[in-house]
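Taking it in order: structure first as structure tokens, then the write-up.
In this note's numbering, the protein residues as written are 784 to 952.
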């Protein structure tokens with residue numbers, strides 16, 4: 784079996800032609816946004832058009848239509864981790880389950896397998912006796928979650944919509 788990692792080697796011109804041919808409506812919308820890049824009305828145009836665009840992955844919008852003679856699959860042994868999770872970030876930086884990965888002013892004691900990022904200067908984050916935790920401290924919020932519960936964060940944040948916490952989503 785071959786796994787699509789989503790890595791592509793191509794040219795911008797080729798991808799543009801594919802969008803023009805296989806997703807003409809989406810292409811027109813993208814071209815409208817592109818025409819305003821660097822202009823004062825860029826943000827307004829982006830906010831007006833982007834939400835109206837069809838939600839469609841690159842694979843579904845374009846790749847399924849690419850003729851076989853125009854594509855090539857390269858086989859490679861790369862290993863795999865899901866880069867979409869915070870714990871995967873910890874594993875990518877240091878795969879040792881006994882090790883912690885920290886950034887900023889962080890002190891740990893009897894703590895292992897944690898990712899602790901402190902983005903707030905002048906504030907100490909201290910962790911004692913914890914294992915497998917993700918702690919992210921920013922100026923306006925602190926996230927504390929066990930590595931096994933990371934999938935629940937998305938639902939938690941989605942629950943902020945329509946509430947006083949919406950600005951945090």
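Here a beta-carbon is modelled for each residue, glycine too, at the ideal position from N, C-alpha and C.
Which class does residue 873 belong to by DSSP, given the choice of helix, strand or coil? Residue 873: helix per DSSP, three-state reduction.
Where do the N-terminal and C-terminal ends of the beta strand (DSSP E) with residue 890 fall, by residue? Per DSSP, residue 890 is one residue of the beta strand (DSSP E) stretching across 889-892.
Under the assumption that residue 926 contacts residue 917 (Cβ atoms under 8 angstroms), give the Cβ distance between them as a whole number of angstroms. The distance from the Cβ of residue 926 to that of residue 917 is about 7 angstroms, consistent with a contact at the 8 angstroms cut-off.
Taking the beta strand (DSSP E) that residue 886 falls in, what are its first and last residues? From DSSP, the beta strand (DSSP E) with residue 886 extends over 884-886.
Taking DSSP's pairing of strands, which residues face residue 787 in a bridge? Partner(s): none; residue 787 has no beta bridge.
Cutoff 6 angstroms; reference residue 895; Cβ partners in own chain excluding five residues on either side: Taken in chain order, the residues that qualify are 881 and 914.
Paired residues, beta bridge with residue 916 - DSSP: Beta-bridge analysis with DSSP links residue 916 to 929.
Once DSSP output is grouped into helix, strand and coil, what is the label at residue 902? Residue 902 sits in coil when the DSSP states are folded into three classes, being neither helix nor strand.
Please classify residue 844: does DSSP put it in a helix, a strand, or coil? Residue 844 carries a helical assignment under DSSP once its states are collapsed to helix, strand and coil.
Proximity below 9 angstroms, CB of residue 801 to CB of residue 838: At a Cβ-Cβ threshold of 9 angstroms, residue 801 and residue 838 do not count as neighbours.
Inter-residue spacing [alpha-carbon to alpha-carbon] between residue 937 and residue 930: Across the structure, residue 937 and residue 930 are spaced so that their CA atoms are roughly 13 angstroms apart.
Under DSSP, the beta strand (DSSP E) around residue 909 begins and ends at which residues? Per DSSP, the unbroken beta strand (DSSP E) holding residue 909 starts and ends at 908-911.
Would you tell me roughly how many angstroms separate the C-alpha atoms of residue 833 and residue 910, rounded to the nearest one? Taking the straight line joining both Cα atoms gives about 42 angstroms.
If I follow the unbroken alpha helix (DSSP H) through residue 849, where does it start and stop? Taken as a continuous stretch (DSSP letters only), residue 849 belongs to no alpha helix (DSSP H), as it is neither H nor E.
Can you say whether residue 890 is buried or exposed, counting buried as having 16 or more other CB atoms within 10 angstroms of its CB? Residue 890 comes out exposed.
Looking only at its chain, what residues have a beta carbon closer than 8 angstroms to the beta carbon of residue 922, apart from the 5 residues adjacent to it on each side? Its chain contains 902 and 903 as the residues whose beta carbon lies nearer than 8 angstroms to that of residue 922, once the 5 sequence neighbours on both sides are disregarded; these appear in chain order.
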